[in-house]
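Numbering-wise (our numbering), the sequence shown opens with residue -19 and increments by one.
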Amino acid sequence: MLERLTVLYELQLIDDQLDQLEELRGDLPAAVNELTSQIEAIQEQINSKEAEKEDSLKKRKDNDEEIERLRTNLKKFKSQLYQVRNNKEYDALTKEIDHAEELIKKLEEENIELENLIEKLKGEIEEIRPQLDALNEELKVKEADLKQIIKANEREEVKLKEIREKTAAKVRKPDYNTYMRIRKALGGKAIATINRAACSGCHNIVPPQRQLEIKQNKRLYSCESCGRIIVSAEVAEEAQKRVKL
């Protein structure tokens, strides 16, 4: 049981060092993620407006081609008016002329609206793009700072992760699951020791009888106040020797 407790505390000591390396990065990882999200959101806006602008340009071009076709037909219909042989033919041509003129008017009005929309979208894109450029520049700086910090501690972090992997493999699966659950819930500190008759994690007094039981190293004990696993000074000292702290 002593070995089981010692290995578990070794894992905590190694994770403490990894947490310290993580803390050196400060809020840079979160800042990078936040900037990346903002950039993606703004880029999506720009892409959406660019797509709408292109669709409007295509629609306007199609309208222009249709207007040209209608005007050609209109010219033909008007020239045919002088060749009609009866009222029926005249009425039919007049109807075609009115319809063509109505369509031309409708398409021209639509083109005016499309032109206004295109100009509006261009303005919005031009207004947003500087924000995107500024965020990209800020992201480059943050990423460079983060990369520098990571590189400075890369060798130590890789070594610690290798040691952690080997140590974690020695921990019983139920113990490891309990350790990780507590670690996640309590900000990284899953295991505590007794310091001046109190839990070093939450600083609440540990009952004398429980202190004696913990010193015997016969089983896993949890703090009644915070839920952390508590190990004896003997276990802590042995674990510190092994990880050379």
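We put the CB at the ideal spot given by N, CA and C, even for glycine.
Model, not experiment: these values are computed from the prediction.
Can you give me the C-alpha to C-alpha distance between residue i and residue j, rounded to a whole angstrom?
| i | j | result |
| --- | --- | --- |
| arginine 5 | lysine 100 | 43 Å |
| lysine 55 | lysine 75 | 14 Å |
| aspartate -5 | arginine 163 | 10 Å |
| aspartate 125 | valine 151 | 36 Å |
| isoleucine 47 | histidine 79 | 12 Å |
| glutamate 69 | glutamate 82 | 20 Å |
| glutamate 134 | leucine 200 | 34 Å |
| asparagine 66 | isoleucine 92 | 39 Å |
| alanine 178 | alanine 10 | 35 Å |
Would residue i and residue j be called neighbours here (beta carbons separated by less than 8 Å)?
| i | j | result |
| --- | --- | --- |
| glutamate -12 | isoleucine 185 | For the record, residue -12 in the displayed sequence is leucine; it is not glutamate. No, these two residues do not count as a Cβ contact at 8 Å. |
| cysteine 203 | leucine 166 | no |
| isoleucine 98 | lysine 33 | yes |
| isoleucine 77 | arginine 51 | no |
| glutamate 193 | threonine -14 | no |
| glutamate 123 | valine 12 | yes |
| leucine -7 | glutamine 220 | yes |
| isoleucine 105 | lysine 169 | no |
So, for residue i: in the same chain, excluding its five sequence neighbours on each side, which residues have a beta-carbon less than 6 Å away from its beta-carbon?
| i | result |
| --- | --- |
| arginine -16 | none |
Excluding five sequence neighbours on each side, which residues of the same chain lie with their C-beta closer than 8 Å to the C-beta of residue i?
| i | result |
| --- | --- |
| alanine 232 | Within the shown structure, residues of the chain are numbered from -19 to 225, placing residue 232 beyond reach of any answer. |
| arginine 109 | Ile26 |
| serine 180 | Ala172, Thr173 and Ile174 |
| threonine 16 | Leu119 |
| lysine 141 | Leu(-2) |
In its own chain, which residues sit with a C-beta less than 7 Å from the C-beta of residue i, not counting the 5 before and 5 after it?
| i | result |
| --- | --- |
| alanine 148 | Leu(-9) and Tyr156 |
| leucine 37 | Ile98 |
| leucine 94 | Ser36, Lys39 and Arg40 |
Could you tell me if the beta carbon of residue i falls within a distance shorter than 7 Å of some heavy atom in the ligand NAP?
| i | result |
| --- | --- |
| leucine -12 | With respect to the ligand NAP, the structure offers nothing, as it holds no ligand at all. |
Practice item. Count the C-beta pairs between the region 39 to 46 and the region 83 to 103 that are closer than 8 Å, then say yes if the count reaches three, no if not. Key: yes
**Study point:** Contiguous beta strand (DSSP E) assignments of at least 3 residues, all confined to the region 134 to 187
**Key:** List check, beta strand (DSSP E) in window: 171 to 175.
Review point. Given 8 Å as the limit, is there contact between the region 8 to 24 and the region 110 to 123, that is, 3 or more CB pairs closer than that?
Key: A contact exists between the region 8 to 24 and the region 110 to 123.
Check your understanding: Is it true that the region 1 to 15 meets the region 123 to 142, where meeting means three or more beta-carbon pairs spaced less than 8 Å apart?
Key -> yes
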